[in-house]
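In full-length UniProt numbering, the protein residues as written are 1 to 284. What follows is a set of notes on a single structure, which appears directly below.
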Amino acid sequence: MPRFAANLTMLFNELPMLQRFGAARRAGFKGVEILFPYDIPLPDMRASARRNRMEIVLINCPPPNWAGGPLGFAAIPERKERFRRDFERALRVAEALSVRHIHIMSGKAEGAAALDCFIDNLRWAAGRAPHAGLTIEPINPIDMPGYFMSDFDLAETVLDAVAAPNLGLQFDAYHAHRITGDVIGCWRRHGHRAHHIQIAGMPGRHEPVDGEINYTEFFQVLAEDGYDGWVSAEYAPRTLTEAGLRWLQEFGKAQGQPPQDGSRPAPASRGRPLRRRIAPGTGS
């Protein structure tokens, strides 16, 4: 059965970041993802996660500039050195925080040279960090025009070319709907490559209820397929986060789950938490 995590970059953002761990725990989550944990002292973040018994499931690499700047560098041939430098930083942070997955963002690019660069950088990253779970994510071109990794068939091509056991698909149901219009069909075609799942409602990217995506059916399919990794709530709450969390308990009950328990490790193919000893503050 899947386990639910809260994206602390988007959820509970009415609170300071370090207080969001406790809020997520009280709401019933047992894991979190943080898109860009690069501006908060690592010892403080590690202490908050441990105090609230929260696993940090995923971070992004590199930290893009959302104010009109690059959306990653992995598929940009002339930025290969920048990508690898940023990956080393993300790896240090992931190791310090015992993060399970690092999402590698392609950036805006197109053409054969971009594809070759992306594959080459992913091979390098997978070899550089064989103990790390790495993911790539198709992101819809409506929300992110020009982003290279914008198609699930392309993701399959890349995964086949890299052929690294620690690299998998980050399946975002919201993006799957915007790209294909058929989340269930997309999952049936590509879900066997998934190492991590994210959810949000459509339209609006709000709570995963009462929208165009039938999440009741989606979670039934996940159960049938035996998916037991993490599912992260990555959406923009309509109001305060806690007011919109009815879905969390309803989906948990529908699957016959006890209160959320993220203590069971994911299968090795879906990444293990990184636990190399890192000096406090390194990489922040």
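Even glycine gets a Cβ: it sits at the ideal position worked out from N, Cα and C.
Please report the residue range of the beta strand (DSSP E) in which residue i lies.
{"i": "Leu245", "result": "Run containing Leu245: none; DSSP gives neither H nor E here."}
{"i": "Ala233", "result": "230-233"}
{"i": "Arg3", "result": "3-7"}
{"i": "Leu11", "result": "Run containing Leu11: none; DSSP gives neither H nor E here."}
{"i": "Val57", "result": "55-61"}
{"i": "Ile199", "result": "194-199"}
{"i": "Leu134", "result": "133-136"}
What I want to know is whether the C-beta of residue i ends up closer than 7 Å to one or more non-hydrogen atoms of the ligand SAH.
{"i": "Leu222", "result": "As presented, the structure is devoid of all ligands, the ligand SAH included, so that no description of it is given."}
Using C-beta distances below 8 Å, list every residue in its chain close to residue i, excluding the 5 sequence neighbours before and after it, in chain order.
{"i": "Leu18", "result": "Ile40, Asp44, Met45, Ser48"}
{"i": "Asp172", "result": "Glu137, Pro138, Ile139, Ile197, Gln198, Ile199, Ala200, Glu234"}
{"i": "Ala163", "result": "none"}
{"i": "Pro70", "result": "Pro64, Ile76, Arg79, Gly107, Lys108"}
{"i": "His206", "result": "Ala200, Tyr235, Ala236, Pro237, Arg238, Gly244"}
{"i": "Asp210", "result": "Gly201"}
What do you get for residue i, buried or exposed, if any count of 16 or more other CB atoms within 10 angstroms of its CB means buried?
{"i": "Asp160", "result": "exposed"}
{"i": "Asp86", "result": "buried"}
{"i": "Gly133", "result": "buried"}
{"i": "residue 285", "result": "No answer is possible for residue 285: it lies beyond the span of the chain, which begins at 1 and ends at 284."}
{"i": "Phe152", "result": "buried"}
{"i": "Ala243", "result": "exposed"}
{"i": "Thr135", "result": "buried"}
{"i": "Gly204", "result": "exposed"}
{"i": "Pro259", "result": "At Pro259 the pLDDT is 46, less than 50, meaning the model places this residue with poor confidence; the figure from the coordinates comes in the next sentence. Answer is exposed; the Cβ neighbour count stays below 16."}
{"i": "Glu33", "result": "buried"}
{"i": "Gly127", "result": "exposed"}
{"i": "Pro208", "result": "buried"}
{"i": "Gly229", "result": "buried"}
{"i": "His175", "result": "buried"}
{"i": "residue 327", "result": "With the chain running from 1 to 284 in the structure shown, residue 327 is simply not present."}
{"i": "Asn214", "result": "exposed"}
What are the boundary residues of the alpha helix (DSSP H) that residue i is part of?
{"i": "Ile119", "result": "112-128"}
{"i": "Phe219", "result": "215-225"}
{"i": "Leu159", "result": "152-162"}
{"i": "Val183", "result": "183-190"}
{"i": "Pro203", "result": "Run containing Pro203: none; DSSP gives neither H nor E here."}
Quick one: residues in its chain with C-beta nearer than 7 Å to the C-beta of residue i, no 5 flanking neighbours on either side, listed in chain order?
{"i": "Ala129", "result": "Leu91"}
{"i": "Val221", "result": "Ile184, Trp187"}
{"i": "Leu245", "result": "Ala27"}
{"i": "residue 286", "result": "There is simply no residue 286 to check, as the chain begins at 1 and stops at 284 in what is shown."}
{"i": "Glu110", "result": "Phe148"}
Between residue i and residue j, how many whole angstroms is the CB-CB distance? I'm expecting something under 8 Å.
{"i": "Leu248", "j": "Phe4", "result": "6 Å"}
{"i": "Ala194", "j": "Leu154", "result": "In fact, because the Cβ distance is near 15 Å, the residues do not count as touching under 8 Å."}
{"i": "Met10", "j": "Ala236", "result": "6 Å"}
{"i": "Phe12", "j": "Met54", "result": "Their Cβ separation, rounded to whole angstroms, is 12 Å, which puts Phe12 and Met54 out of contact at 8 Å."}
{"i": "Glu217", "j": "His190", "result": "Not quite, the Cβ-Cβ distance comes to about 17 Å (not below 8 Å), so this is no contact."}
{"i": "Ala94", "j": "Ile104", "result": "That pair is no contact at about 12 Å."}
According to DSSP, residue i sits in a beta bridge with which residue or residues?
{"i": "Lys80", "result": "Lys80 pairs with nothing; no bridge assigned."}
{"i": "Gln19", "result": "Answer by DSSP bridge pairing: none, since Gln19 is not bridged."}
{"i": "Ser106", "result": "Gly72"}
{"i": "Phe171", "result": "Ile197"}
{"i": "Gly31", "result": "Ala5, Glu55"}
{"i": "His101", "result": "Leu58, Gly133"}
{"i": "Tyr147", "result": "Lys108"}
Excluding the five sequence neighbours on either side, which residues of its own chain have a C-beta within less than 6 Å of the C-beta of residue i, listed in chain order?
{"i": "Gly146", "result": "Lys108"}
{"i": "Phe83", "result": "Phe73, Ala74, Asn121"}
{"i": "Met149", "result": "Ser106, Ile136, Pro138"}
{"i": "Ala6", "result": "Ala24, Phe29, Val32, Ala233"}
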